[in-house]
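Undergrad: For the sequence shown, our numbering assigns the number 67 to the initial residue and increments by one for each residue that follows.
For each residue, glycine too, the CB sits at the ideal point set by N, CA and C.
This one's a predicted model, so the numbers in the text were calculated from it and none came from an experiment.
Below: one structure in structure tokens.
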Amino acid sequence: MFRRDSIYRFLNLQTGEGKTVLLFVVYSLLMGGAVALFFASTTSLFLINFERTQLPIAFIASGSLVYVLGLAVQYLRRKASFLRVNGYLLAFMLLSVAGLLVASASFQNKWVYFALYLWNRVFVFIHGITFWATAGRVFNFGQTKRLLSFISTGDVIASMLSYFSVPLLLTFVSTDDLLDMALVLLVLCVLLMTYIYKRFQPQLTTELPEKAAEKPVAETVAMVSKSYESLLSTLALLTVFGLIYVEFMFTIQSKEVFPNKELLAGFLGIFFGICAVIELFVKSFLYNRLLSAYSIRAGIVMLPVALLVSYSLGAVYGTVYGTTSFFFALIALSRFFLSSVRRSISEPAFQVLFQPIPAAERTLIQSRIEGGPKAIGSILPGIILLILTSFSFITLVHLSYLFLAVLIFWTVVSFRIQPEYRATLNAAVIRSATLAYKKVIGHNLVRPTAERSLSSAQAFSSMLRLAESDNPDDRALAATELGYSGRYYAYTHLLRLLHDDHPLVRKAALSASGALRKPELWPRLFEHLLDEQYRDAATSALLSIGDAVIPSLSRFFTHTVLSTKQQVHIVGIINEMGGEAAIRFLRARINHPVQAVRDAVFEGLNHLNHRATVLERPHILLQLDEQVGLLVWLTAARLDLDSFPRNAPMINALRQEKNIVIPKVFNLLATLYGDNRFDLISQLITRENDEIKSYLIELLGTALPEEVKDRILPLFSDISFAERLRKSSVSHPQQQLSIEERLHDIINKDFNKLTHRLKAVALRELLVWHENDPTAILVANVTSPDELIAETAFYVLKVLNPTRFGELHRILALQSDSDRYRLASRVNGFQSEAELLLYRSEQLEIEENNTQLKSI
């Protein structure tokens, strides 16, 4: 087990992904071998049989061929399913390569070699729109970002072995025989991809956009913007343009150095083999670290920047010293960048840019880009090179300066696509949330609207007579009318009604006090906030008054002994009132000693769009660090209790605790940095939806500032619990505990940090996990002021140590009128765990969840 976990961790795999990833790695391995052998042999055959002036013609022809294929694929995508079109493409690739090899063996004509050289682009085109599109549908967004680079390592390993073996193979077989070996590998690729299509048919079957268009607007909005697609197309065009341009210069130089076809094929094999070794190293050790540290932008920008450096050096050197061996080395370095950096970093990162696009539209866009901009990326440099090389005075140095201008434009586009990517990601989150839940989460408190029974023109004397009536309905009516009487001294009569013994009358008086807005009534409204029976009515009355009451309510909050629940409720009222007075009240309490109150304060500050001042930032950062530390601690607890079933009450309680802490973290982030994306992430990230969660994690990576990114992002990333703890170990180290030790740790955790529910569940688990006597910890918790914890502790003590429970019960009997004695007596009569408050609350929650699932 340890060995498999270690391998998974090294490969950045999660449980359950191994078999799926293996299929794609094997396919990548076979296709990589086929492409490498085909490229090395066809390039060698082309260069030996044709002059350098015909190389641009080949680029133009291959681009034109791919463009025509792209138009055909776009037509087929609109008419047939994803699986059917991909099947056609694979069959076409296999049959066309086989036909060309038969023609090569039969005719020995150099134009057959020309056609074979063109088919390198067909290989890349079909592989691009079948393999990458298939992987993008099988894996979700987070998996795509994390695994695509690893999946393509099969391609790298195959390329490395194939390129290095070319010089050895050529001692036994001819260059033409390498093509037959490539065909065999291609047959295996087609068979394996057919199996993948059958195994993952549900994920790969999506409706066509034409059918989607028949759906309501709410389900089709937020598709990819034209500007984003244009930038993707431009980026794809420039990548192929750069590859063709550098390939031309590299090929010309290589042919001058190695005029023999076997020597040239051997050199190309060794050169691209070295590139493959470095590519494998980058994919295995650097890719995920690079993207974790610098996000997708690093993968997109790195290639044009690297080429800009190498070509700048080459152009300057060539101007001074000419096209000597060092100039060739710099061109070879650029070709290395286009082989290793492009394939290991830029290409996987570029594929991630497609993931926020809806699946059906994504497939069409990928097809358009592969067949359009990428094809033009072959044609355009071919035309430019054909024209320029027709002038004898144009040298490779001149061509270098021209390419520098292209590289500058390429770099600008790479930076410009970053904000468009974030906007598309935002749209993907909103789209997925809308389709999944069809609702918007809002605030619980709503400002009340006053209702009236009689006209305010009722004679004041009549109101007073009703207020003296023995009928509570009359007194309630009088209270309501007094609120709208307009008389200055009406409040004196309401004060008496606020002491009425009948709840209906008192609630009507509370509502009228809010309508009257007299400061003389406010202290009585505040007092009613402390009474559970009248709290809602008093709250509505205060909200009717508005922010004018905040200074008085603030003094009441400060000078009255209140429970935590009452303090939190008052903070919520002031938050709902809003305004500058509310913000001043909340800002003055960001360091309140009670955690629950601080949480309500920061929720209010975020709700009122307050952004931290310079003096507040250190305090809020400290609060953020505490909440992040609690998330790390919950992760450690989840890992220690990993042997529990996924839906065990203990695991559910830990999950609920985490879902309580997460919004607190994002409230603090929103208050610190003023980014409303944190509110959206906070509302959706706890939802059990892999697609939404994947988008949100990527969105979070773009939203988090660098000063907190390393501490927060690992806790939400698509990695194992152990890996999350490892990445958090510098700022929040955790101990690995046994199950019993972890349960004790949860029970003894500061009450200010955890819910009573989690502690109660941990106490109940001691029924099973009690290798050491838990009597002391149980006795300590029977004195808890929380009934849920005390009852659970009593019950577990009764089951595990009935003698100590009996002794405790007899001692409590000395105070037979105490709540603790009544609770112990109630537990003494329990026959099973099902009578616990904890058990009944869990069953009620299960019923509510089932009801919600049925209503969706």
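Taking the beta carbon of N175 as the centre, do at least 16 other beta carbons fall within 10 Å, making it buried, or is it exposed?
TA: Label assigned to N175: exposed.
Undergrad: F883 lies in the alpha helix (DSSP H); which residues open and close that run?
TA: A quick correction: the sequence has Asp, not Phe, at residue 883. D883 -> no alpha helix (DSSP H), and no H or E assigned at all.
Undergrad: Hey, Y600 and L576 are a contact pair by Cβ (cut 8 Å); roughly how many whole angstroms apart?
TA: Their Cβ separation, rounded to whole angstroms, is 6 Å, which keeps Y600 and L576 in contact under 8 Å.
Undergrad: Given a cut-off of 7 Å, decide if S412 and L369 are closer than it, judged by their beta-carbon atoms.
TA: Yes, Cβ-Cβ distance for L369 and S412 is below 7 Å.
Undergrad: Report the option in L582, I445, R572, G308 whose CA atom is closest to the CA atom of E593.
TA: Cα-wise, what sits closest to E593 is R572.
Undergrad: Taking 8 Å as the cut-off, does the stretch 673 to 687 touch the stretch 716 to 728 (at least 3 CB pairs, one atom from each stretch)?
TA: At 8 Å Cβ cutoff, the stretches do not touch.
Undergrad: If you drop the 5 nearest sequence neighbours on each side, which residues of the same chain put their C-beta closer than 6 Å to that of L103?
TA: Excluding residues within five positions, the ones whose Cβ falls inside 6 Å are S228, L244, M247, A248.
Undergrad: When DSSP labels each residue in this structure, what does H798 get in the three-state scheme?
TA: Note: H798 maps to coil in three-state DSSP.
Undergrad: By how many angstroms is the C-alpha of V92 removed from the C-alpha of F197?
TA: When rounded, the distance between both Cα atoms is 12 Å.
Undergrad: Closer than 6 Å: is that where the CB of V343 sits relative to any heavy atom of the ligand FMN?
TA: This structure lacks the ligand FMN, and indeed carries no ligand of any kind.
Undergrad: CB Y133 to CB A381, shorter than 7 Å?
TA: Contact flag unset, no.
Undergrad: Between F173, S172, F148, which lies nearest to G202 when the distance is taken from Cα to Cα?
TA: It is F148 whose Cα lies nearest to the Cα of G202.
Undergrad: Give me the Cα-Cα distance between A502 and L750, rounded to the nearest whole angstrom.
TA: Confidence at A502 is low in this model, with a pLDDT of 48, below 50, so its placement is unreliable and the value that follows should be read with caution. Going from the Cα of A502 to the Cα of L750 covers about 11 Å.
Undergrad: Among V845, R664, I366, L142, which one has its Cα closest to the Cα of Q689?
TA: For Q689, the nearest C-alpha among the options comes from R664.
Undergrad: Count the other CB atoms within 10 Å of the CB of L904; is the residue buried (16 or more) or exposed (fewer)?
TA: Buried, by the Cβ-count rule.
Undergrad: Exposed or buried, E764, counting other C-beta atoms within 10 Å across all chains shown (16 or more means buried)?
TA: E764 comes out buried.
Undergrad: Can you check which of these residues, S610, G437, T858, is closest to M643 by C-alpha distance?
TA: The shortest C-alpha separation from M643 is found at S610.
Undergrad: Helix, strand or coil, according to DSSP, for A146 in the structure here?
TA: Correct three-state label for A146: coil.
Undergrad: Is E913 buried or exposed, if buried means 16 or more other CB atoms sit within 10 Å of its CB?
TA: Exposed.
Undergrad: Check G202 in the structure and name its three-state DSSP category.
TA: Three-state DSSP puts G202 in a helix.
Undergrad: I need the DSSP call for L113, collapsed to helix, strand or coil.
TA: Three-state DSSP puts L113 in a helix.
Undergrad: Spell out a yes or no on whether the stretch 451 to 462 and the stretch 150 to 164 are touching, meaning 3 or more CB-CB pairs, one atom from each, closer than 8 Å.
TA: With the cut-off at 8 Å, the stretch 451 to 462 and the stretch 150 to 164 do not touch.
Undergrad: Runs of 4 residues minimum, wholly inside the stretch 537 to 600: which ones carry the alpha helix (DSSP H) assignment?
TA: Those alpha helix (DSSP H) runs which fall completely within the stretch 537 to 600 and span 4+ residues are 538 to 548, 556 to 563, 569 to 582, 588 to 594.
Undergrad: To the nearest angstrom, report how far apart E807 and K825 are at their CA atoms.
TA: Spanning the two alpha carbons is a distance of roughly 14 Å.
Undergrad: Excluding the 5 residues preceding and the 5 following L735 in the sequence, name in chain order all residues of the same chain whose CB lies nearer than 6 Å to its CB.
TA: Contacts found: F744.
Undergrad: Nearest to F639 by alpha carbon, out of Q897, T390, G670?
TA: Looking at the sequence itself, residue 639 is Ile, so the reference to Phe does not match. Answer by Cα proximity: G670.
Undergrad: Between A544, H810, E586, L707, which lies nearest to A788 when the distance is taken from Cα to Cα?
TA: Answer by Cα proximity: L707.
Undergrad: In the DSSP assignment, the alpha helix (DSSP H) including S240 goes from what residue to what residue?
TA: That residue, S240, is in no alpha helix (DSSP H); it is neither H nor E in DSSP.
Undergrad: Straight-line CA distance for T477 to L374?
TA: About 9 Å.
Undergrad: Measure how close the beta-carbons of S528 and G549 come, nearest whole angstrom, since I'm counting them as under 8 Å.
TA: At roughly 15 Å, the Cβ-Cβ gap does not stay under 8 Å, so S528 and G549 are not in contact.
Undergrad: With H, G and I counted as helix, E and B as strand and the rest as coil, what does DSSP make of N725?
TA: It is helical.
Undergrad: Mind reading off the beta-carbon distance from G443 to L303? Whole number of angstroms is fine, and I expect it under 8 Å.
TA: At roughly 4 Å, the Cβ-Cβ gap stays under 8 Å, so G443 and L303 are in contact.
Undergrad: Using alpha carbons as the reference points, say which of T558, I656, A662, R650 lies closest to H635.
TA: The shortest C-alpha separation from H635 is found at A662.
Undergrad: Leaving out five residues before and five after V472 in sequence, what residues of the same chain have Cβ atoms less than 8 Å from its Cβ?
TA: These residues qualify, in order along the chain: L304, F307, G308, Y311.
Undergrad: Excluding the 5 residues preceding and the 5 following A157 in the sequence, name in chain order all residues of the same chain whose CB lies nearer than 8 Å to its CB.
TA: Closer than 8 Å at Cβ, skipping near neighbours: V256.
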